[in-house]
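If you read the sequence shown in the working numbering, its first letter stands for residue 4, the second for the next number, and so on.
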Amino acid sequence: MAQHLSGPANLEGQVAFITGGAGAMGQAIAKAFRQAGARVIATDRVAPEELGQALGGGIDYRRYDVTSRAETDQVIDAVLAEYGRIDILVLCAGIIARTPLGDSTDDEWDAVMSVNVRGVVNPARKLFPLMCRQGFGKILAAGSIAAKNGGVASGPAYVASKAAVHGMMRWIAKAGAPHGVYANTLAPGPVETAMWASVTSGGAPSANGTVPLGRYGNADDIAQAALFLCSPASNWITGTSLDISGGMWMD
Numbered sequence: 004m005a006q007h008l009s010g011p012a013n014l015e016g017q018v019a020f021i022t023g024g025a026g027a028m029g030q031a032i033a034k035a036f037r038q039a040g041a042r043v044i045a046t047d048r049v050a051p052e053e054l055g056q057a058l059g060g061g062i063d064y065r066r067y068d069v070t071s072r073a074e075t076d077q078v079i080d081a082v083l084a085e086y087g088r089i090d091i092l093v094l095c096a097g098i099i100a101r102t103p104l105g106d107s108t109d110d111e112w113d114a115v116m117s118v119n120v121r122g123v124v125n126p127a128r129k130l131f132p133l134m135c136r137q138g139f140g141k142i143l144a145a146g147s148i149a150a151k152n153g154g155v156a157s158g159p160a161y162v163a164s165k166a167a168v169h170g171m172m173r174w175i176a177k178a179g180a181p182h183g184v185y186a187n188t189l190a191p192g193p194v195e196t197a198m199w200a201s202v203t204s205g206g207a208p209s210a211n212g213t214v215p216l217g218r219y220g221n222a223d224d225i226a227q228a229a230l231f232l233c234s235p236a237s238n239w240i241t242g243t244s245l246d247i248s249g250g251m252w253m254d
């Protein structure tokens with residue numbers, strides 16, 4: 004098995020591949036990993052120059068569609084050819100849907116499952132076998148407390164998609180453990196991002212009445228949790244779902 008670096012948040016020399024890099028959480032994670040010494044490749048569907056402007060310097064940004072297996076394989080092959088390996092995979096690409104079950108359409112279900120589930124499957128099935136062969140890897144996916152509490156402001160398609168992500172990460176954790184490959188899931192509560200703004204366009208309820216810690220989360224809260232789960236500080240943690248909800252969900 005590969006030797007792990009010492010230091011709780013030291014990612015020096017490791018190569019991290021991040022999907023959903025244009026979103027608030029993806030950007031914050033990319034920047035946090037870069038500050039921790041990782042070589043970061045951030046990806047999204049936006050044009051490279053737009054993503055580059057958002058992320059700033061020191062981060063390799065690439066454009067591709069996570070729902071396409073062919074594009075996923077192509078961009079990962081290119082990264083592997085340039086960097087030699089990928090040590091960390093962070094899966095942040097996602098969309099939300101709020102339509103009640105009886106009014107939901109096939110197109111909506113297909114769109115949500117395509118991004119939220121296939122967008123996790125495509126990079127994971129490409130990199131998981133490679134990580135097993137290299138003897139080390141950390142895979143982290145963005146889930147949601149909606150997968151645990153049934154959702155507050157989200158619809159059934161979103162809840163089901165995130166439940167699928169949580170289940171898949173547990174499978175990867177069990178299969179990868181003998182090979183030094185870790186898999187965990189982040190389970191954020193309400194985080195002040197563009198996605199949350201779209202859900203609460205009519206006005207968000209006061210955090211004082213819904214969040215025990217008295218505020219909604221922000222992207223940096225998620226980034227610090229991601230850094231922990233992808234760093235040597237979490238080397239005896241796999242198959243877990245880390246709730247980051249200000250106390251909205253407790254188990």
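We put the CB at the ideal spot given by N, CA and C, even for glycine.
N-terminal and C-terminal residue of the beta strand (DSSP E) that residue i is part of
i      : result
ASP254 : Unbroken run through ASP254: none, as it is neither H nor E.
VAL18  : 18–22
VAL168 : VAL168 -> not in any beta strand (DSSP E); alpha helix (DSSP H) instead, spanning 159–179.
VAL118 : VAL118 -> no beta strand (DSSP E), and no H or E assigned at all.
ILE91  : 91–94
Three-state secondary structure (DSSP) of residue i
i      : result
PHE139 : coil
PRO191 : strand
ASP106 : helix
TYR67  : coil
TYR219 : coil
ALA5   : Any reading at ALA5 needs caution, since the residue's pLDDT is 45, under 50, leaving its predicted position unreliable; the model's value is listed next. Coil at ALA5, not helix or strand.
ALA186 : strand
ARG48  : coil
VAL214 : coil
VAL155 : coil
ALA226 : helix
ASP246 : strand
ALA145 : strand
ARG101 : coil
LEU130 : helix
LEU232 : helix
LEU14  : coil
Counted within 10 angstroms of its Cβ, other Cβ atoms place residue i as buried (16 or more) or exposed
i      : result
ALA5   : A caution first: ALA5 carries a pLDDT of 45, below 50, which makes its placement in the model too unreliable to give a value.
LYS177 : exposed
SER244 : buried
ALA33  : buried
THR75  : buried
ALA73  : exposed
ARG218 : exposed
LEU216 : exposed
ASN119 : buried
ARG136 : exposed
LEU104 : exposed
GLY16  : exposed
ALA57  : buried
ALA81  : exposed
Cβ neighbours of residue i in the same chain (closer than 8 Å, five flanking residues each side left out)
i      : result
THR241 : ALA176, GLY179, ALA180, TYR185, ALA186 and ASN187
TYR86  : VAL18, ARG42 and ILE44
PRO126 : PHE20, THR22, VAL69, THR75, ILE79, LEU92 and LEU94
Start and end residues, alpha helix (DSSP H) containing residue i
i     : result
THR75 : 72–86
ILE32 : 27–38
Chain-order list of residues whose beta-carbon lies under 7 Å from that of residue i (same chain, five-residue window excluded)
i      : result
TRP252 : ILE148, LYS151, ASN152, GLY192 and ASP246
ALA12  : ALA39, LEU230, SER234 and ALA236
ALA166 : ALA150
Cβ-Cβ separation, residue j to residue i (assumed contact under 8 Å), whole Å
i      : j      : result
GLY61  : ALA45  : Actually they are not in contact, since the Cβ atoms of GLY61 and ALA45 sit about 11 Å apart, beyond 8 Å.
TYR64  : GLY55  : 5 Å
VAL194 : SER164 : About 17 Å; that fails the 8 Å criterion.
THR108 : GLY158 : That pair is no contact at about 11 Å.
GLY220 : GLY250 : Going by Cβ atoms, the distance from GLY220 to GLY250 rounds to 11 Å, so no, they are not a contact pair.
Sequence-distant residues of its chain with Cβ nearer than 6 Å to residue i (five each side left out)
i      : result
TRP112 : ALA160
GLY154 : VAL162
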